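Colleague: Handing you a structure now.
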Amino acid sequence: MDSTIKALERRCPRLGGPVGFDYCLTAENDQHPCFKIIDCWWEQFDVYHYLEASLPVKQFHALLQAGPPKPKASSLVELIEAARQRTRTE
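What follows is the structure, given as structure tokens:
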């Protein structure tokens, strides 16, 4: 990664504090870029073309179509329900 880009920092609207661009590249649980990376960084540099050139095609297109992650409460409810289903079948 270009050291100039790696050194960039800005306030994260999701976390409320400063983060580096390199954090945004792996911010999601699956180590993929944050769904807001283009919205957040487009004023700093040409993040769209940077990501297009550096990400695999499928991952880049998935990023363009990504929405916000599920709220934690609904994720927890789904995990609890999945655990209940597993215990019923065992």
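First residue of the sequence shown: 25, per the numbering used here; consecutive thereafter. Glycine included, every Cβ here is placed at the ideal spot set by N, Cα and C. Computed from a prediction, not measured in an experiment: that's the story for all the values here.
Does the beta-carbon of residue 65 have 16 or more other beta-carbons within 10 angstroms, so that it is buried, or is it exposed?
Modeller: Buried.
Colleague: Based on Cα-Cα distance, which residue from 55, 61, 100 lies nearest to residue 32?
Modeller: Among 55, 61, 100, the Cα nearest to that of residue 32 belongs to 61.
Colleague: Apart from the five residues just before and just after residue 49, which ones in its own chain have a Cβ nearer than 7 Å to its Cβ?
Modeller: Same-chain partners within the cutoff: 57.
Colleague: Can you give the Cα-Cα distance for residue 47 and residue 93, rounded to whole angstroms?
Modeller: The alpha-carbon atoms of residue 47 and residue 93 are separated by roughly 17 Å.
Colleague: Could you tell me which residues DSSP puts in a beta bridge with residue 42?
Modeller: Its beta-bridge partners are 35.
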